[in-house]
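The sequence shown begins at 53 in my numbering and counts up one residue at a time. Where is the CB? At the ideal position from N, CA and C, for every residue including glycine. Notes to accompany the following structure.
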Amino acid sequence: MENELAAIVIDCGSGKCKAGFAGMSLISNAQSQRDILTLNYPVKRGIITNWDDMENIWLHILHSELHTTPEEHPILIADTPLNPDSNRERTAQIMFETFNVPALAMSIESVLSLYATSARTSGVVLESGDGVTSTVPIFEGYPLRHGILRWEFGGNDLTEHLLKSLGDRGSYVHGDVLTDIKEQSCHVALDFDQEQIAPEKTHELPDGKAIILGSERFRVPEALFKPHLVGEDTPGVHEMIHNSIMKCDVDVHRQLYSRISLSGGTTMLSEFADRMAKEVEALAPVGMRFRIAAPDYRKHAVWIGGSILASLSTFRGFACSRQEYDEMGPIVVNRKQWH
Numbered sequence: 053m054e055n056e057l058a059a060i061v062i063d064c065g066s067g068k069c070k071a072g073f074a075g076m077s078l079i080s081n082a083q084s085q086r087d088i089l090t091l092n093y094p095v096k097r098g099i100i101t102n103w104d105d106m107e108n109i110w111l112h113i114l115h116s117e118l119h120t121t122p123e124e125h126p127i128l129i130a131d132t133p134l135n136p137d138s139n140r141e142r143t144a145q146i147m148f149e150t151f152n153v154p155a156l157a158m159s160i161e162s163v164l165s166l167y168a169t170s171a172r173t174s175g176v177v178l179e180s181g182d183g184v185t186s187t188v189p190i191f192e193g194y195p196l197r198h199g200i201l202r203w204e205f206g207g208n209d210l211t212e213h214l215l216k217s218l219g220d221r222g223s224y225v226h227g228d229v230l231t232d233i234k235e236q237s238c239h240v241a242l243d244f245d246q247e248q249i250a251p252e253k254t255h256e257l258p259d260g261k262a263i264i265l266g267s268e269r270f271r272v273p274e275a276l277f278k279p280h281l282v283g284e285d286t287p288g289v290h291e292m293i294h295n296s297i298m299k300c301d302v303d304v305h306r307q308l309y310s311r312i313s314l315s316g317g318t319t320m321l322s323e324f325a326d327r328m329a330k331e332v333e334a335l336a337p338v339g340m341r342f343r344i345a346a347p348d349y350r351k352h353a354v355w356i357g358g359s360i361l362a363s364l365s366t367f368r369g370f371a372c373s374r375q376e377y378d379e380m381g382p383i384v385v386n387r388k389q390w391h
């Protein structure tokens, strides 16, 4: 498919935007362009809260990052689980009336992640990004909405808790340096109690200086499995997976356990997948076989899944056309959902 005909895939999470033409491996991180983000980032906990700023980001993506005219390209937008219908309709209105796109599809990000990480249409996806962690059971391509769980906690929250922990010890770092410490030197403990006796670790800073990391390097990520450590009264990520499956009909439990897909930057923490396997095994029914998919590219799984699916010849049949929008208005995006 030529670029001028290719669909454009956009995935804007709580901290970063990724966009590109379907079928291409290059992903443009629109947030790297700081000049369009003079105001607060318009996606909070996965939900668009400032439509003017969001429209400016979409404009920047389409014209400055992808150097294209949106009138010529179908658009696929990754949608957060449990996004209000009114937000989906507002998105459709902007895409069709402001950008004049020929077609629009909105797909729940977990469906895209599942396809990218396992090429399956049934399973459970744990999606954990900058601002939201969710579990979505999917059966034959359809999200089982009664089993969706959402926790307003993600990588940004871990970064904030790391900042506080280091500050309590007299170490003060901020911004990208703090994020680098989290991503490079923090890890999920396979055995939290045993980890307590582990020695301290030195992390070298960009200026050549070093910072000593103690237990915070594994205590901060432990909050994902033990939310009470950060004052959250909610199940841990492993329990979210188990609870999502238990909310579904028992007849589909085996298919859901057969593919548990991890997606999003927060799941990239070292040892996260191994700890998850240990915890799921402890919670799963006796004799239940399970598999956890945690590919190295899972940080970008949503966009990759969207790129694959928007490249299919069947994509235009799933998308809302300009004619359908003109006939039905913004509500069409909710009546014709691509799962």
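For residue i, the first and last residue of its enclosing alpha helix (DSSP H)
{"i": "LEU156", "result": "Segment 155-160 is the beta strand (DSSP E) holding LEU156; no alpha helix (DSSP H) there."}
{"i": "LEU361", "result": "353-362"}
{"i": "ILE249", "result": "Here ILE249 belongs to no alpha helix (DSSP H), and DSSP marks it neither H nor E."}
{"i": "ILE383", "result": "Here ILE383 belongs to no alpha helix (DSSP H), and DSSP marks it neither H nor E."}
{"i": "ILE113", "result": "Counting along the chain, ILE113 falls outside any alpha helix (DSSP H), and DSSP gives it neither H nor E."}
{"i": "VAL338", "result": "Segment: none, VAL338 is in no alpha helix (DSSP H) and carries neither H nor E."}
{"i": "MET298", "result": "289-298"}
{"i": "PRO273", "result": "268-274"}
Enclosing beta strand (DSSP E) for residue i [first to last residue]
{"i": "PHE370", "result": "That residue, PHE370, is in no beta strand (DSSP E); its alpha helix (DSSP H) goes 367-370."}
{"i": "ILE129", "result": "127-131"}
{"i": "GLU256", "result": "253-256"}
{"i": "GLU179", "result": "175-180"}
{"i": "VAL332", "result": "Unbroken run through VAL332 is the alpha helix (DSSP H), 324-335; no beta strand (DSSP E)."}
{"i": "ILE263", "result": "262-265"}
Distance, residue j Cα to residue i Cα
{"i": "ARG221", "j": "GLU291", "result": "32 Å"}
{"i": "VAL272", "j": "GLY219", "result": "13 Å"}
{"i": "GLU284", "j": "CYS69", "result": "28 Å"}
{"i": "LEU308", "j": "ILE190", "result": "7 Å"}
{"i": "ASN139", "j": "GLU107", "result": "13 Å"}
{"i": "VAL229", "j": "GLU256", "result": "10 Å"}
{"i": "LEU118", "j": "TRP110", "result": "11 Å"}
{"i": "PRO287", "j": "LEU335", "result": "13 Å"}
{"i": "SER84", "j": "GLY72", "result": "Unreliable positioning characterises SER84 in this predicted model, as indicated by a pLDDT of 48, which lies under 50. A coordinate reading is not provided."}
{"i": "TYR194", "j": "SER174", "result": "8 Å"}
{"i": "ASN295", "j": "ASP209", "result": "23 Å"}
{"i": "VAL153", "j": "THR169", "result": "29 Å"}
{"i": "GLN248", "j": "HIS239", "result": "13 Å"}
{"i": "ALA362", "j": "GLY67", "result": "23 Å"}
{"i": "GLU49", "j": "ILE297", "result": "It is not possible to answer for residue 49, since the shown part of the chain is limited to 53 through 391."}
{"i": "VAL385", "j": "ARG142", "result": "10 Å"}
{"i": "ALA346", "j": "PRO382", "result": "36 Å"}
{"i": "GLY358", "j": "TYR224", "result": "39 Å"}
{"i": "ALA250", "j": "MET320", "result": "22 Å"}
{"i": "ARG368", "j": "HIS352", "result": "23 Å"}
{"i": "ILE360", "j": "VAL61", "result": "10 Å"}
{"i": "SER365", "j": "ALA74", "result": "12 Å"}
{"i": "ALA379", "j": "TYR93", "result": "For the record, residue 379 in the displayed sequence is Glu; it is not Ala. So the two alpha carbons sit approximately 33 Å from each other."}
{"i": "ILE146", "j": "TRP103", "result": "9 Å"}
{"i": "SER217", "j": "HIS115", "result": "42 Å"}
Beta bridge counterpart(s) of residue i as assigned by DSSP
{"i": "TYR224", "result": "Answer is none; TYR224 lacks a bridge partner."}
{"i": "THR187", "result": "LEU178 and LEU201"}
{"i": "TYR194", "result": "PHE191"}
{"i": "CYS69", "result": "CYS64"}
{"i": "LYS96", "result": "ILE99"}
{"i": "LEU314", "result": "LEU178"}
{"i": "LEU134", "result": "Beta-bridge pairing links LEU134 to no other residue."}
{"i": "ASN239", "result": "Residue identity differs from the one stated: residue 239 is His in this sequence, not Asn. SER322, per the DSSP bridge assignment."}
{"i": "ALA345", "result": "SER313"}
{"i": "SER373", "result": "ALA155"}
Close Cβ partners of residue i (< 6 Å) along its chain, the five nearest in sequence each way excluded
{"i": "VAL304", "result": "PHE191"}
{"i": "ASP63", "result": "LYS70, ALA130, VAL354 and TRP355"}
{"i": "GLY207", "result": "ASP182, GLY317 and THR318"}
{"i": "CYS300", "result": "PRO189, LEU196 and GLY199"}
{"i": "VAL95", "result": "CYS64 and SER66"}
{"i": "TYR377", "result": "PHE148 and VAL384"}
Integer Cβ distance of residue i from residue j, believed to fall under 8 Å
{"i": "LEU128", "j": "SER159", "result": "7 Å"}
{"i": "SER315", "j": "ARG269", "result": "Contact flag wrong, Cβ pair sits at about 24 Å."}
{"i": "ARG97", "j": "VAL184", "result": "5 Å"}
{"i": "PRO122", "j": "PHE151", "result": "4 Å"}
{"i": "ALA144", "j": "CYS372", "result": "7 Å"}
{"i": "PHE244", "j": "GLU274", "result": "6 Å"}
{"i": "ARG387", "j": "ALA155", "result": "Not really, about 15 Å apart at Cβ, beyond 8 Å."}
{"i": "SER180", "j": "VAL302", "result": "Their Cβ separation, rounded to whole angstroms, is 27 Å, which puts SER180 and VAL302 out of contact at 8 Å."}
Cβ shell of residue i (< 8 Å), same chain only, five flanking positions each side left out
{"i": "PRO136", "result": "ILE99"}
{"i": "HIS226", "result": "LEU215"}
{"i": "SER237", "result": "LYS253, HIS255, LEU265 and ARG269"}
Check: residue i C-beta below 8 Å from any heavy atom of the ligand FAD
{"i": "LEU210", "result": "Absent from the structure shown: the ligand FAD. Ligands present: none."}
Same chain, Cβ closer than 7 Å to residue i, neighbours up to 5 away in sequence not counted
{"i": "LEU242", "result": "GLU323, ASP326, ARG327 and LYS330"}
{"i": "THR231", "result": "THR211"}
{"i": "ARG202", "result": "PRO133, LEU134, VAL184 and SER186"}
{"i": "ARG172", "result": "LEU166 and ARG311"}
{"i": "THR254", "result": "ALA262 and ILE264"}
{"i": "ILE293", "result": "VAL176, LEU178, THR187, ILE312 and VAL332"}
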